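In this note's numbering, the protein residues as written are 1 to 410. Idealized CB from N, CA, C, for every residue including glycine. Since the model is a prediction, treat every value here as computed from it, not as a measurement.
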């Protein structure tokens, strides 16, 4: 399968400025732009980063542009303007993003900063040499700008309005300086990326290309991202490897096949076979387990993925708590749902403390209805208490029903 065929089979192509076979028929110099509006990327960004890795693995040259200039402005978003970023914060975020990108891509890559040229541009020169190639008629038709203009309370400033010109100028500079002739991005950047394609054609008389991948959405159609309030960070300090693993493990069946094609390097036919196998016995969640393992390995490394798997298996009764290593026990205590208890404490008190019930009376009713287990055994009496022999590695698994589980720590 060619790279173009692989990308099609994965559903990774949303827009292209030319036929995808033509774009990938030669080795390109490709760039991806990331504005340092945070000190970490998140799960929504990861798809296009991995798209860049796919191109790099196929022999294309790659460049990461960190927007030290554009990041001080921020591209237009659906609602409201982004706050203007402090230059010191932008510099800190830029360093963090560079390290994160190189870790995920598994190689050293050329990193450039558009502050190197944007902060030197003279306004009159920019308006004369670049602004002349854009029309307001065209800019106001772009989706986000159009929606903002049509909403009285969401007017757009000239600063955000001009962002597209700056991004187009980036592509032109990179084309002249490094021979960049392909820009990648998510589909919401399509019109901004086309600005650079057109600017290069008009100014240099050269052909440049654009390729975008779909925006990733959850099962409810809500896109991943910090602006949506559902960001899952790639930085282990912001989202722990265990929490990251659990995020992918808990994805519903209707999206797991798509995510396997977007986020992993399994062959599409292997993914189709796995999803079919999963459909025969969905309770085992084999597709979700594979997704969670592989994406966690890509972002945090194999060792972190193995630890996260061990903790998850212990939390959901697939592995004995006594088999956990000291490092895994610490991960459980830090990341897994847990509560600190004392030996001899009534189980009804532990249920309330762990958040599995809202009151002691509810806890008693659940115990009497055989709805509570401790270490896999049903709690038979409402006056039962926690005993030392029920704990392994200082931990015991307390469950309400089949899904709600908390580790209690003695």
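About 21 Å separates the beta carbons of residue 324 and residue 250, which is beyond the 8 Å limit, so they are not a contact pair. Within its own chain, the residues whose Cβ lies closer than 6 Å to the Cβ of residue 190, once the five positions on either side in sequence are excluded, are 15 and 212, listed in chain order.
Around the beta-carbon of residue 252, fewer than 16 other beta-carbon atoms lie within 10 Å, marking it exposed. According to the DSSP assignment, residue 199 belongs to the alpha helix (DSSP H) that extends over 190 to 204. C-alpha of residue 282 to C-alpha of residue 257: approximately 13 Å in a straight line. Under the criterion of beta carbons closer than 8 Å, residue 55 and residue 234 do not qualify as touching, at roughly 20 Å. Beta-bridge partners of residue 233 (DSSP): 42. Here the C-alpha atom of residue 102 lies approximately 30 Å from the C-alpha atom of residue 272. Contact annotation: residue 352 and residue 407 have beta-carbon atoms that are not nearer than 8 Å. Per the Cβ contact rule, the stretch 394 to 404 is in contact with the stretch 312 to 322 (3 or more Cβ pairs under 8 Å).
Nearest Cα to residue 320 within the set 2, 391, 151 and 37: 391. Assigned with DSSP and collapsed to three states, residue 346 falls in strand.
Residue burial is scored here from C-beta neighbours: residue 151 has fewer than 16 other C-beta atoms within 10 angstroms and is therefore classed as exposed.
Distances from the alpha-carbon of residue 129 to those of 138, 165, 119 and 115 put 165 closest. Taking 8 Å as the upper bound for CB-CB distance, residue 278 and residue 292 are not in contact here, some 13 Å apart. In this model, residue 262 and residue 3 are separated by some 14 Å (Cα to Cα). A contact is defined here as three or more CB-CB pairs under 8 Å, and the stretch 103 to 116 meets this definition with respect to the stretch 65 to 74.
When DSSP states are grouped into helix, strand and coil, residue 394 belongs to the coil group.
DSSP lists 374 as the bridge partner or partners of residue 377. In this structure, the CA atom of residue 243 is about 17 Å from the CA atom of residue 259.
Going by beta carbons, residue 31 and residue 180 fall inside the 8 Å limit. Nearest C-alpha to residue 310 among 197, 246, 373 and 367: 246.
Within a 10 Å sphere around the beta-carbon of residue 171 sit 16 or more other beta-carbons, which makes this residue buried.
When DSSP assignments are scanned along the stretch 285 to 314, the uninterrupted stretches of alpha helix (DSSP H) that are 4 or more residues long and fall wholly within it turn out to be 286 to 300. Here residue 328 is buried: its Cβ has 16 or more other Cβ atoms, across all protein chains shown, within 10 Å. Pairing residue 380 with residue 347 gives a Cβ-Cβ distance that is not under 8 Å. The three-state secondary structure of residue 333, taken from DSSP, is helix. Around the beta carbon of residue 92, fewer than 16 other beta carbons sit within 10 angstroms, so the residue counts as exposed.
In this structure residue 58 is not in contact with residue 268, their Cβ atoms being roughly 16 Å apart against a cut-off of 8 Å.
In the structure shown, the three-state DSSP call for residue 278 is helix. CA-CA distance, residue 208 to residue 182, rounds to 6 Å. A direct Cα-to-Cα measurement between residue 405 and residue 338 gives close to 9 Å. A direct Cα-to-Cα measurement between residue 199 and residue 270 gives close to 41 Å. DSSP places residue 359 outside both helix and strand once states are collapsed to three, so it counts as coil. Under the three-state reduction of DSSP output, residue 6 falls in the helix class. Within 10 angstroms of the beta-carbon of residue 1 lie fewer than 16 other beta-carbons, which makes it exposed.
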